[in-house]
Amino acid sequence: MDEKRKILVTGGLGFIGSHTVVCLQEAGFEPVIVDSLHNSRIEVLDALTDLIGYKPVFICGDVNDKILMQGVFAQQKPVAVIHFAAHKAVGESVDQPLLYYQNNVAGLLNLLEVMKAESCHQLVFSSSCTVYGEAQEVPVKESTPILPAASPYGATKQMGETILRDLNWCRVQCLRYFNPVGAHPSSRIGELPLGIPNNLIPYLTQTVSGIRSLLTVHGGDYITQDGTCIRDYIHVMDLAEAHVAAINRLISGIGFDTNSNEVGDPSTQQFEVFNVGTGIGYSVLEIITAFEDATGEKVIYKIGPRRAGDIVSIWADTHKANAILGWNAKRNLDEMMADAWNWQRHCDKASLG
Ligand code: UD1
Numbered sequence: 007m008d009e010k011r012k013i014l015v016t017g018g019l020g021f022i023g024s025h026t027v028v029c030l031q032e033a034g035f036e037p038v039i040v041d042s043l044h045n046s047r048i049e050v051l052d053a054l055t056d057l058i059g060y061k062p063v064f065i066c067g068d069v070n071d072k073i074l075m076q077g078v079f080a081q082q083k084p085v086a087v088i089h090f091a092a093h094k095a096v097g098e099s100v101d102q103p104l105l106y107y108q109n110n111v112a113g114l115l116n117l118l119e120v121m122k123a124e125s126c127h128q129l130v131f132s133s134s135c136t137v138y139g140e141a142q143e144v145p146v147k148e149s150t151p152i153l154p155a156a157s158p159y160g161a162t163k164q165m166g167e168t169i170l171r172d173l174n175w176c177r178v179q180c181l182r183y184f185n186p187v188g189a190h191p192s193s194r195i196g197e198l199p200l201g202i203p204n205n206l207i208p209y210l211t212q213t214v215s216g217i218r219s220l221l222t223v224h225g226g227d228y229i230t231q232d233g234t235c236i237r238d239y240i241h242v243m244d245l246a247e248a249h250v251a252a253i254n255r256l257i258s259g260i261g262f263d264t265n266s267n268e269v270g271d272p273s274t275q276q277f278e279v280f281n282v283g284t285g286i287g288y289s290v291l292e293i294i295t296a297f298e299d300a301t302g303e304k305v306i307y308k309i310g311p312r313r314a315g316d317i318v319s320i321w322a323d324t325h326k327a328n329a330i331l332g333w334n335a336k337r338n339l340d341e342m343m344a345d346a347w348n349w350q351r352h353c354d355k356a357s358l359g
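Letter by letter, the sequence shown follows residues 7 to 359 of this note's numbering.
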């Protein structure tokens, strides 16, 4: 394998990471996975092996472990990194802010120091629509002002973006994810929340499969068409494909001033940011109806109180990603719901989750 095609994927056994590994391999890259197994399971490696047809290189370890990361870069010599490895539970970040700053911010700094020392100058960073907070305008554009973060988790994503924007030696594609849902169409990989899910779709599918007794809709009195919050749900395969588009753009050098692309040249444009969503907002009640329509299953739910920290409405303006990355979300809500349900049924059969 041409070493120029090796992509280091931190958090490559997680939800978005594992789907991205599959898409990278399909696009002709060789994914190399580093994952601490903190919030993922080793069974995902077997599923990936089946899906891509060979066992990818996997290093069990933490991005905070500098010695380990130096060894990975020295041995694997990846041409670029996709950095997924981070904690992502908003509520947990409120309870344990230091854990979040240590893992998401210090972990990023550690990774960058090793990348710089090992002359790896290309990175795709997992950011989040959470950086916009309760935006004044929807859909949000990349130029929509960033508001103070509503949680330590959100703050770590904002800080990550700030750090990366300041670098003058590394080309960065920063992807602001909206709400990833669904699973690989094979149902071999999907979202594997440990314990009680925080997010809507795994809670909903676990309710329908009988693991939870009912779904609580967090708030029915918001100023939206049906009183429930609005989000931009995106199929995880579409999101994974956006990473391949970002990697292709990084590697091709398009968008960067390659004539003056000396490391340390401040005139070189090094940082780009993209919204990665579908551009369509759906309310929680619309999601429940879409799930019922796609699967023929009934969702038992009640309207409960608002959840602290929830923003009311957000969806993406995706024109920049469509035009510059040449990427579009292709899968509709029906497919998202059907794939999420098929994955839940696979987990039930395999006693996963
Ligand atoms: C949030 C963050 C996102 C982050 C994600 C990680 C924002 C805007 N988004 O997503 O960046 O990556 O957490 O976990 O900050 N809901 C229910 N009942 C439930 C669960 C959820 O009604 O049992 C509702 C929520 O109130 C919300 C919607 O479903 O309106 C989606 O919630 P969730 O799946 O938790 O994602 P976000 O909070 O939007």
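We treat Cβ as the ideally placed atom computed from N, Cα and C, and that holds for glycine. Quantities reported herein were computed from a predicted structural model and do not represent experimental measurements.
Per DSSP, the unbroken alpha helix (DSSP H) holding residue 114 starts and ends at 113-123.
With respect to residue 42, residue 69 sits close: the two C-beta atoms are nearer than 9 Å. DSSP, read as helix, strand or coil, puts residue 90 in coil. Straight-line measurement puts the Cα of residue 132 at about 19 Å from the Cα of residue 122.
Distance from the Cα of residue 209 is smallest, within the candidate group 40, 350, 39, for 350. If you ignore the 5 residues before and after residue 318, its C-beta comes within less than 8 Å of the C-beta of 140, 228, 229, 230, 235, 236, all in its own chain and listed in chain order. Taking 9 Å as the cut-off, the Cβ atoms of residue 353 and residue 198 count as close.
For residue 23, the enclosing alpha helix (DSSP H) starts and ends at 21-32. Residue 179 has 130, 278 as its beta-bridge partners, per DSSP.
In the DSSP assignment, the residues bridged to residue 64 are 39.
CA-CA distance, residue 259 to residue 277, rounds to 12 Å. Secondary-structure assignment with DSSP links residue 185 through a beta bridge to 239.
For residue 293, the enclosing alpha helix (DSSP H) has its first and last residue at 290-301. Assignment of residue 304 by DSSP, reduced to helix, strand and coil, places it in the coil class.
For residue 170 and residue 282, the gap between their C-alpha atoms comes out near 18 Å. It is roughly 9 Å from the alpha-carbon of residue 189 to the alpha-carbon of residue 347. In the structure shown, residue 173 falls within a coil segment according to DSSP collapsed to helix, strand and coil.
Residue 13 has 37, 86 as its beta-bridge partners, per DSSP. Scanning 289, 167, 158 for the CA closest to the CA of residue 148 turns up 167. Only residues of its own chain outside the window of five on either side were considered, and among them 96, 99, 100, 315 have a CB closer than 7 Å to the CB of residue 157, listed in chain order. DSSP lists 310 as the bridge partner or partners of residue 224. Around the beta carbon of residue 312, a 10 Å sphere encloses fewer than 16 other beta carbons of the protein chains shown; the residue is thus reported as exposed. Counting along the chain, the unbroken alpha helix (DSSP H) around residue 353 starts and ends at 339-356.
By the Cβ test, the segment 20-39 is in contact with the segment 52-66, since at least three Cβ pairs between them sit closer than 8 Å. DSSP, read as helix, strand or coil, puts residue 250 in helix.
With respect to the C-alpha of residue 177, the residue from 109, 279, 92 having the closest C-alpha is 279. Distance from the CA of residue 160 to the CA of residue 40, rounded to the nearest whole angstrom, comes to 23 Å.
When the Cα atoms are used, residue 203 and residue 302 turn out to be separated by approximately 23 Å. For residue 316, the CB falls within less than 8 Å of some heavy atom of ligand 1. Of the residues 253, 240, 307, 297, the one whose Cα lies closest to the Cα of residue 284 is 240. Of 162, 300, 323, 334, the smallest CA-CA separation from residue 137 is found for 162.
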